[in-house]
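Colleague: This is the structure, below, for whatever I ask next.
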Amino acid sequence: MRIVITRTGGFAGIERRAELDTNGRPDATHVQALAHRALAASPAEAAAVRGVPDGFRYEIDVDGRTVHCADPHVSHDQRELIRLVLREGA
Numbered sequence: 001m002r003i004v005i006t007r008t009g010g011f012a013g014i015e016r017r018a019e020l021d022t023n024g025r026p027d028a029t030h031v032q033a034l035a036h037r038a039l040a041a042s043p044a045e046a047a048a049v050r051g052v053p054d055g056f057r058y059e060i061d062v063d064g065r066t067v068h069c070a071d072p073h074v075s076h077d078q079r080e081l082i083r084l085v086l087r088e089g090a
């Protein structure tokens, strides 16, 4: 499974992008389940996708399926996936 996180916004407005492939990872099952839950938790309201001024906005792409979310309307699973990919992804 290929997971791509793009983070934009924030005070400085700097974009950050990271990609993680779950193939060969010892925790692949956990990461894949987390990714599926993060996609399912996508906010329905436009305000939740816009977020707040100077907050981060995220694009979560999992094998071509993309959702958008923004602080402070990010679910626990989305936040965990975002942190994992931004920390360990390339």
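Each residue of the sequence shown is one higher than the last, beginning at 1 in full-length UniProt numbering. All C-beta atoms in this analysis are idealised placements derived from N, C-alpha and C, irrespective of residue type, glycine included. What you are looking at is a predicted structure, and each value in this text was computed from that prediction instead of being measured.
1. Nearest to Glu19 by alpha carbon, out of Phe11, Cys69, Ala12, Glu59?
2. Just to confirm my understanding: we take Gly10, look at its own chain, exclude 5 residues before and 5 after, and list those with CB closer than 8 Å. What are they?
3. Please state the DSSP three-state secondary structure of Ile5.
4. Would you list the residues sitting across from Val62 in a DSSP beta bridge?
5. Let me know the secondary structure DSSP gives Asp71 once reduced to three states.
6. DSSP has Arg17 in a bridge; who is on the other side?
7. Measure the alpha-carbon distance for Asn40 versus Asp27 and round it to whole angstroms.
Modeller: So, from the listed chains and residues:
1. Glu59
2. Asp54, Gly55, Phe56
3. strand
4. Ile3, Arg65
5. coil
6. Thr6
7. According to the sequence shown, residue 40 is Ala rather than Asn. If I take the Cα positions, the gap works out to 20 Å.
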